[in-house]
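Visitor: First residue of the sequence shown? That's 33 in this note's numbering, and the numbers climb one at a time after it. Glycine included, C-beta positions come from ideal geometry on N, C-alpha and C.
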Amino acid sequence: MTQIDGDDWQRWPLGFMPPTVRPTVCVDEGNINQASKIVWRYLIESNACSQWLFRFDNGFQWVVHDTWNLVSARPVTWANMRLMLSEMFIFERQDNRRHLKTVDPPMVLVEALFARPNPPLPTLTGISPVPVVGPTGGLACDFGYNQDTKTFFIPKEGFDLPPINEAPSAPEIAAAVDRFRDLLSDMPFLDDSDFAHAMATLLVAILRPAINGPVPLLIIGKPAPANGATLLANIIAEIVTGAPAPVMVEGGNESELRKRITATLLRLPVFQLIDNLHGPLRSPALAALLTSTVWADRMLGQSHIVGLMNKTIWMVTGNNPEVSDEIARRAIWIRLDAQCARPWEGRSFRYPQIINTVRQNRPCLVVALLTVIQAWIVRDRPLSKRCLAGFEEWSAIVGGVLDVAGITGFLQQHHAPISDPNEAAWRQLVAMWLSEYGYAEVGVHELYDIARQMDIPPNIGDGNERSQRTRLGLGLQKLRDRTFEFDRHSVAVRAEDSHQNAARWRLADIRIQPNSPYNGGNSTHDDRVNPGERAVNSEPSEPRIAPREDHRSTEGTNVSPEGSLRSPACTDASNDGPSTSSKNIVQRNRVSSIVALDLGNQTGWAVRLRTGAIVSDSKSLVIGHHMGAGAKFLELSRLLAQLETLCGEIDLLVLEKVMSQSGTVAAQVYGGFLATIAAWCDTRGISYVGVPVGTIKKFATGHGNASKAMMMEFARSKGVSVKDHNQADAIALLFWTIEHYK
Numbered sequence: 033m034t035q036i037d038g039d040d041w042q043r044w045p046l047g048f049m050p051p052t053v054r055p056t057v058c059v060d061e062g063n064i065n066q067a068s069k070i071v072w073r074y075l076i077e078s079n080a081c082s083q084w085l086f087r088f089d090n091g092f093q094w095v096v097h098d099t100w101n102l103v104s105a106r107p108v109t110w111a112n113m114r115l116m117l118s119e120m121f122i123f124e125r126q127d128n129r130r131h132l133k134t135v136d137p138p139m140v141l142v143e144a145l146f147a148r149p150n151p152p153l154p155t156l157t158g159i160s161p162v163p164v165v166g167p168t169g170g171l172a173c174d175f176g177y178n179q180d181t182k183t184f185f186i187p188k189e190g191f192d193l194p195p196i197n198e199a200p201s202a203p204e205i206a207a208a209v210d211r212f213r214d215l216l217s218d219m220p221f222l223d224d225s226d227f228a229h230a231m232a233t234l235l236v237a238i239l240r241p242a243i244n245g246p247v248p249l250l251i252i253g254k255p256a257p258a259n260g261a262t263l264l265a266n267i268i269a270e271i272v273t274g275a276p277a278p279v280m281v282e283g284g285n286e287s288e289l290r291k292r293i294t295a296t297l298l299r300l301p302v303f304q305l306i307d308n309l310h311g312p313l314r315s316p317a318l319a320a321l322l323t324s325t326v327w328a329d330r331m332l333g334q335s336h337i338v339g340l341m342n343k344t345i346w347m348v349t350g351n352n353p354e355v356s357d358e359i360a361r362r363a364i365w366i367r368l369d370a371q372c373a374r375p376w377e378g379r380s381f382r383y384p385q386i387i388n389t390v391r392q393n394r395p396c397l398v399v400a401l402l403t404v405i406q407a408w409i410v411r412d413r414p415l416s417k418r419c420l421a422g423f424e425e426w427s428a429i430v431g432g433v434l435d436v437a438g439i440t441g442f443l444q445q446h447h448a449p450i451s452d453p454n455e456a457a458w459r460q461l462v463a464m465w466l467s468e469y470g471y472a473e474v475g476v477h478e479l480y481d482i483a484r485q486m487d488i489p490p491n492i493g494d495g496n497e498r499s500q501r502t503r504l505g506l507g508l509q510k511l512r513d514r515t516f517e518f519d520r521h522s523v524a525v526r527a528e529d530s531h532q533n534a535a536r537w538r539l540a541d542i543r544i545q546p547n548s549p550y551n552g553g554n555s556t557h558d559d560r561v562n563p564g565e566r567a568v569n570s571e572p573s574e575p576r577i578a579p580r581e582d583h584r585s586t587e588g589t590n591v592s593p594e595g596s597l598r599s600p601a602c603t604d605a606s607n608d609g610p611s612t613s614s615k616n617i618v619q620r621n622r623v624s625s626i627v628a629l630d631l632g633n634q635t636g637w638a639v640r641l642r643t644g645a646i647v648s649d650s651k652s653l654v655i656g657h658h659m660g661a662g663a664k665f666l667e668l669s670r671l672l673a674q675l676e677t678l679c680g681e682i683d684l685l686v687l688e689k690v691m692s693q694s695g696t697v698a699a700q701v702y703g704g705f706l707a708t709i710a711a712w713c714d715t716r717g718i719s720y721v722g723v724p725v726g727t728i729k730k731f732a733t734g735h736g737n738a739s740k741a742m743m744m745e746f747a748r749s750k751g752v753s754v755k756d757h758n759q760a761d762a763i764a765l766l767f768w769t770i771e772h773y774k
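#1: For A360, does the three-state DSSP call read helix, strand or coil?
#2: Using a 10 Å radius around the Cβ and a threshold of 16 neighbouring Cβ atoms, would you call Q392 buried or exposed?
#3: Does DSSP put S648 in a helix, in a strand, or in coil?
#4: If I follow the unbroken alpha helix (DSSP H) through C679, where does it start and stop?
#5: Buried or exposed for D649, please, with buried defined as at least 16 other CB atoms from any protein chain shown within 10 angstroms of its CB.
#6: Is DSSP giving Y469 helix, strand or coil here?
#7: For the alpha helix (DSSP H) that contains I122, what are its first and last residues?
#8: Determine whether the beta carbon atoms of T733 and S669 lie at a separation below 8 Å.
#9: Closest to S217 by C-alpha separation, out of L264, M280, I252 and F175, would be which residue?
#10: Please state whether the Cβ-Cβ distance between L461 and L539 is less than 8 Å.
#11: Give every residue of the same chain whose Cβ lies closer than 8 Å to the Cβ of G794, excluding the five residues on either side of it in the sequence, and list them in chain order.
#12: Tell me whether the stretch 636-647 and the stretch 677-692 touch, counting them as touching only if at least three CB pairs, one residue from each stretch, are closer than 8 Å.
#13: Where I777 and S719 are concerned, what is the direct C-alpha to C-alpha distance, given to the nearest angstrom?
#14: So what does DSSP say about H521, is it helix, strand or coil?
#15: If we count the other Cβ atoms within 10 Å of its Cβ and call it buried at 16 or more, is I267 buried or exposed?
#16: Determine the burial state of Q126: buried for a count of at least 16 other Cβ atoms within 10 Å of its Cβ, exposed for fewer.
#17: Which one of R213, W84, A673 and A228 has the shortest CA to CA distance from Q32?
#18: The alpha helix (DSSP H) with G431 in it runs from where to where?
#19: Ordered along the chain, which non-local residues of its own chain (more than five positions away) have a Cβ less than 6 Å from that of M347?
#20: Out of Y469, P167 and A764, which has the shortest C-alpha to C-alpha gap to S749?
#21: Could you name the residues of the same chain whose beta carbon sits closer than 6 Å to that of G704, not counting the 5 residues immediately before and after it, in chain order?
#22: Among the candidates V165, V355 and P257, whose CA atom is the shortest distance from the CA of D180?
#23: Counting Cβ pairs, one atom from each stretch, are 3 or more of them under 8 Å apart for the stretch 194-210 and the stretch 373-393?
#24: What residue from N79, R394, T727 and P51 has the CA that sits closest to G274's CA?
#25: Counting only runs of 4+ residues fully inside the stretch 273-349, write out the alpha helix (DSSP H) ranges in chain order.
#26: So does G636 have its beta carbon nearer than 7 Å to some heavy atom of the ligand HEM?
#27: Taking 8 Å as the limit between beta carbons, can you name the residues of its chain near L511, skipping five residues before and five after?
#28: Going by C-alpha to C-alpha distance, which of P51, T769 and T344 sits closest to T157?
#29: Report buried or exposed for I488, applying the criterion of at least 16 other Cβ atoms within 10 angstroms of its Cβ.
#30: Could you tell me if K254 is buried or exposed, where buried requires 16 or more neighbouring beta carbons within 10 angstroms of its beta carbon?
#31: Thinking C-alpha only, which one of V697, I646 and N633 is nearest E667?
#32: Mapping DSSP to helix, strand and coil, what is G726?
#33: Let me check understanding here. Comparing Cα to Cα, which of R87, I482 and N454 lies closest to P152?
#34: First and last residue of the alpha helix (DSSP H) that includes H772?
#35: Using the C-alpha atoms, what's the distance from A206 back to L401?
#36: Spell out a yes or no on whether the stretch 330-344 and the stretch 379-391 are touching, meaning 3 or more CB-CB pairs, one atom from each, closer than 8 Å.
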């Protein structure tokens, strides 16, 4: 083999040394199998001296210089291989007169090379212009391919690496870090985490082969143009690669971005910059890429899936960039803010031509990085305890190096990228849903009414009402089983059985236990939450709401001949207030007390006491026509006080919520009832919940538009001979509450 001199290296892949004497290969028809064996033997021998040909999917790849003299990986096409064979071998074939003549490499031979299922060639995972650290902690400083790191080291022309101290002292480590603090002193960082994350990105480019896992996205945000986000990304790339970061913009659609990701990973770049982000970044493809070590996609123009190693470090810049929640949690953040209206004017810089400064001092900057890493290696590679979920190995290794260097602020950022506004809108919708309906079952109709009240509703389009409701329903399907945290409680969106082909939804209370890994060991979600964003105080050893009971069974229930369920503390039933009979008691263990009301001029009520007894009745709130308009509300207040006396303490009040009234007067009266209950409960700290009428009827009868007779039949199925439908509705509401408030 001979060393390539002059400009002739541009003809060949990097690492290749052409043979001094080209072997002769006979390619007569019927001799292709023997010819392919000869060619393979010489290819393997050539590759053993200096690796230049690598395995790639169902073919090969090599490392070449592109038009701008930058190094990148390229898949080897059949035409590439045929030309390479013509440079390496002399192919001969006998003519009709049995004379040998020189021929081009036959295509059948090229096909045979590509058809080999398991070629004995190395795998290439990266190209590095600086020495990198392998999984065993060794530093790969020799030109060409390194088997330990599976990377190709090709320094930029003119780059001479100064010697590195194998055991750096503390002053040397501090001096190395100060070099970067001085270089980046013009960057308007807001806190220590910004500098720490800039250093983390520089270090991970060298540590990447040692990290057997994904690395997070780096988001460089700023409030306005000219704060230096793109400049910082290029400084990082210039230090490591000796060239600016390759730039791409976000794709016009998800399919386009996915194609760009695949095309990027084919080249094995160290960095890839998505610059000047304008619209919200909510790409499922990018989110999947960031937590993947292997990216699988269809090659453009081909029908097979290719698997590509994801060793690239991805960066994003933008003015207050908006990203989806799934991307935000896969990112670290640098915030630049010059805190002036025109950052490009009136500022003095320590390094006005900072890119030129980096290029002139690049060897010293690389040595400073390697010094910090070498100090970490000789100290037995300590690992950091700080962790970014999904990037545990990256967090441990990079955080450990930063700890050795004395750099603080890693993963302690006090600012984050702006979440997708649509995500925030869904969160607000769930918060209003909880406040309006609590844990009651609702349909898209009720939630659509909430969405119309929002200043910025979820993205449900600008079509007609039917179109918006349809899109709202599709959005709810994506929220299914998703958990939202609000202050001291969490709720999950649950899908219920559809009613008349209409989907039904409810919020479920999620209790986070103490010492749970999801709340850092502190239980702040142990209280039940009412619709008004208030928490019900509860004892840790006893749930606020009784465990689920089978409301379809009356076994163990002592029912009076009159049909009312009574408490032993009261006498016969009358309209003067709650009354009970000792015969009519449902005995259970001590549970939470619940009051259920069917509001109206004739108000039905049902109570479950803490003793487990269940009582019910109905009461007229109309005293006489001579009374004033507020008499009904005073009577309701008296009824509430009597129920409070009966219960001793009310844990939860539920009421039948009517979405619309038949007339203005009825609507005003009902509104007064609601206001009376809200004021009465708020002054006592009692939780209250409104449950739609259709929800109660469907629970009791299976039909959301059940008649009064059907509701009374439900009460009778419980062994209760109710006197009116108001009492029956209250009983159904109480059993619904016991069923759903576990």
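Guide: To lay it out plainly:
#1: helix
#2: Q392 should be labelled exposed.
#3: strand
#4: A663 to C679
#5: buried
#6: helix
#7: Element bounds for I122: not the alpha helix (DSSP H) but the beta strand (DSSP E), I122 to Q126.
#8: no
#9: L264
#10: no
#11: Missing from the structure shown is residue 794; the chain here goes from 33 to 774 and no further.
#12: yes
#13: Residue 777 cannot be examined here, being either before or after the span of the chain that is shown, 33 to 774.
#14: In the structure shown, H521 sits in a strand (DSSP, three-state: E or B).
#15: With 16 or more other Cβ atoms within 10 Å, it is buried.
#16: exposed
#17: Outside the shown range of the chain (33 to 774) lies residue 32, about which nothing can therefore be said.
#18: E424 to A437
#19: L250, A265 and L305
#20: A764
#21: F665
#22: Proximity to D180 across V165, V355 and P257 peaks at V165, based on C-alpha coordinates.
#23: no
#24: R394
#25: 286-298 and 316-322
#26: What this structure holds is no ligand at all, so the ligand HEM is not there to describe.
#27: Excluding positions up to five away in sequence, the list reads W458, V462 and V525.
#28: T344
#29: exposed
#30: buried
#31: Cα-wise, what sits closest to E667 is N633.
#32: Annotated three-state conformation of G726 is helix, per DSSP.
#33: R87
#34: H757 to H772
#35: 11 Å
#36: In short, these stretches do not touch, since the Cβ pair count stays below three.
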